[in-house]
Amino acid sequence: MTIASVWAASANRAPATGRLAESARADVAVIGAGYLGVTAALALAAGGARVVVVERGALGEGASALNGGQVIPGLKRGPAGLIAQLGRERGEAVTRFVMRSADLVFSLVEQHGIDCSAVRSGWIQVAASPAALPEQRARVAQINERGGAAVMLDAREVQRLLGGRADAYCGGWLNREAGTLHPLNYLYGLIRAALAAGAQIYRQSEAVQVAWQAPAWQVRLAHGPVLTAEQVLVCTNAYSDDLWPGLRQSILPASSLQIATAPLPAELLAQILPQGQAVSDSRRVMNYFRIGPQGRFMIGGRGPFRAARRGDYDGLIRAMCRLYPQLRGTAVEHFWAGQVALTRDFLPHVHQPRPGLWCVLGCNGRGIALSSALGTAIGGQLLGRAETHPFAVTPLRRLPLHRLHRLYAGGLIQYFRLMDRFA
Ligand SMILES: Cc1cc2nc3c(=O)[nH]c(=O)nc-3n(C[C@H](O)[C@H](O)[C@H](O)COP(=O)(O)OP(=O)(O)OC[C@H]3O[C@@H](n4cnc5c(N)ncnc54)[C@H](O)[C@@H]3O)c2cc1C
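One point on numbering: in the numbering used here, the residue at position 387 of the sequence shown is 1002, and numbering is uninterrupted.
The following block contains the structure:
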């Protein structure tokens, strides 16, 4: 069993960066080199700011190197749900921002010539039960009313596009603005673009303390150097630790597991997802799948609230064989897990606990497009531009009973699985 992700095994050469060797000064210090931190750094450096990014591990240590590579311009809630949650004005603004987020990813790829197999092949959300169809129909209408490109699919069309078992799903919808890419190569490309714009990015440089030492912020690194900056942007997402009080406890870190098969023979590739769409199902505890690098079938889903063991992946192998009986007996070569930051309101959170200190986290498993758009916007905001993103700046709040989250979140997932089975 290979524990490394399929992305690490098929990645381009990592950008050449090292550890921050000595104390440094910057206009903005960014902590965490995932999509959010790096797109913010790119926007800041392109706007003329001196920006230094520090990353705890290797480049590509967090979710940005481990995800499913599905570029989806949407949140858990559709336009009507966002308006009900946030009011008309902010709900519409968040909808517009999110709907444009895939455009931003594909234009960053084009603008910076990022070699990451980006394809705008669309994303299908399949309906696991007829009960999901009315909401999907309403969502398609709401998206199209706002200039989107969504379409409902009946069960036969879903079967034709998926190429799996004929009775697996009773329909679904396709968002044509979505697509797929190689997530780690996308991150590497963003890092190269940020370096070319003048940002400094350091790996193996863990921030262990953030403190105001008038007249500036100081970020102390585990190996000694201190980064002094006017502003600090913390982008540590599900990998947040105790760097700033309450940050780790403001989100629920949930593990998502993935597997990838051996490269499929041409006759299976002609049957399975022949048009290359990414797919998620409508269940509360959902699976997502696509064809990945070298023509491998990849599928992912919710993992346990502890380090994953080999047996935890068996459910994904069963789900794959249920959906695609033609894959029974195909070798599974890659198994890996990453952490998703969940928030209670399913929205990303922007906090400013002190003047000059920003924390942005919680992309709820939809972070390729959203984190790229939000990082770019936050970079613009720190440059002093007005109206860069529609999310409210909220107080940093700990989730109640966070210490018991493994217990209650685990219980909640079992309950959701049961509801999915009944549906
Ligand atoms: C298995 C999986 C599948 C997913 N699939 C999809 C998908 O198909 N489509 C989609 O849109 N989204 C998906 N997501 C979500 C998406 O990957 C994330 O939302 C996105 O990558 C978040 O980016 P980020 O920059 O906020 O965080 P991350 O990429 O997690 O980056 C945070 C970084 O901060 C670093 N860090 C933490 N603490 C410190 C410190 N003290 N000092 C320095 N550095 C620190 C970490 O090492 C890490 O590199 C998936 C996530 C997972 C885990």
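Idealized CB from N, CA, C, for every residue including glycine.
Since the model is a prediction, treat every value here as computed from it, not as a measurement.
Asked, Found
"Report the three-state DSSP secondary structure of G953 (helix, strand or coil).", "strand"
"Tell me whether N800 counts as near ligand 1, meaning its Cβ is closer than 7 Å to at least one heavy atom of that ligand.", "no"
"Run through DSSP, which three-state label would P745 get?", "helix"
"Could you give the residue range of the beta strand (DSSP E) that holds Q815?", "Q815 to Y817"
"Using CA atoms only, rank isn't needed, just tell me which of A893, S732, K691 and I729 is closest to M714.", "K691"
"Please indicate yes or no: does the CB of T851 lie closer than 7 Å to some heavy atom of ligand 3?", "The model on display carries ligand 1 but not ligand 3."
"Is the region 675-688 in contact with the region 877-887, if contact means three or more CB pairs nearer than 8 Å?", "no"
"What residues are listed by DSSP as bridge partners for N790?", "W738 and A765"
"Under the rule that 16 or more other beta-carbon atoms within 10 Å means buried, what is G980, buried or exposed?", "buried"
"Return the first residue and the last residue of the alpha helix (DSSP H) that D929 is part of.", "D929 to L938"
"Across the region 661-678 and the region 844-857, are there enough close Cβ pairs to call them in contact, namely three or more that are closer than 8 Å?", "yes"
"Hey, would you say the C-beta of R981 is under 7 Å away from at least one heavy atom of ligand 1?", "yes"
"In chain order, what residues of the same chain lie with their CB nearer than 6 Å to the CB of A743, ignoring the 5 residues before and after it?", "D896, S897 and R898"
"For V823 and Q967, I'd like the C-alpha separation in whole angstroms.", "19 Å"
"Cutting at 7 Å between CB atoms, please list the residues of its own chain near D769, excluding the five before and the five after it.", "G786"
"Return helix, strand or coil for W832, following the three-state DSSP convention.", "strand"
"Tell me the residue span of the beta strand (DSSP E) that contains I914.", "F912 to R917"
"Measure the alpha-carbon distance for E707 versus V755 and round it to whole angstroms.", "15 Å"
"Contact between the region 917-930 and the region 832-844 is defined here as three or more beta-carbon pairs at a separation below 8 Å; is this criterion met?", "no"
"Using a Cβ-Cβ cutoff of less than 6 Å, which residues in the same chain neighbour S716 once the five nearest sequence positions on both sides are dropped?", "P688, A984, L985 and A988"
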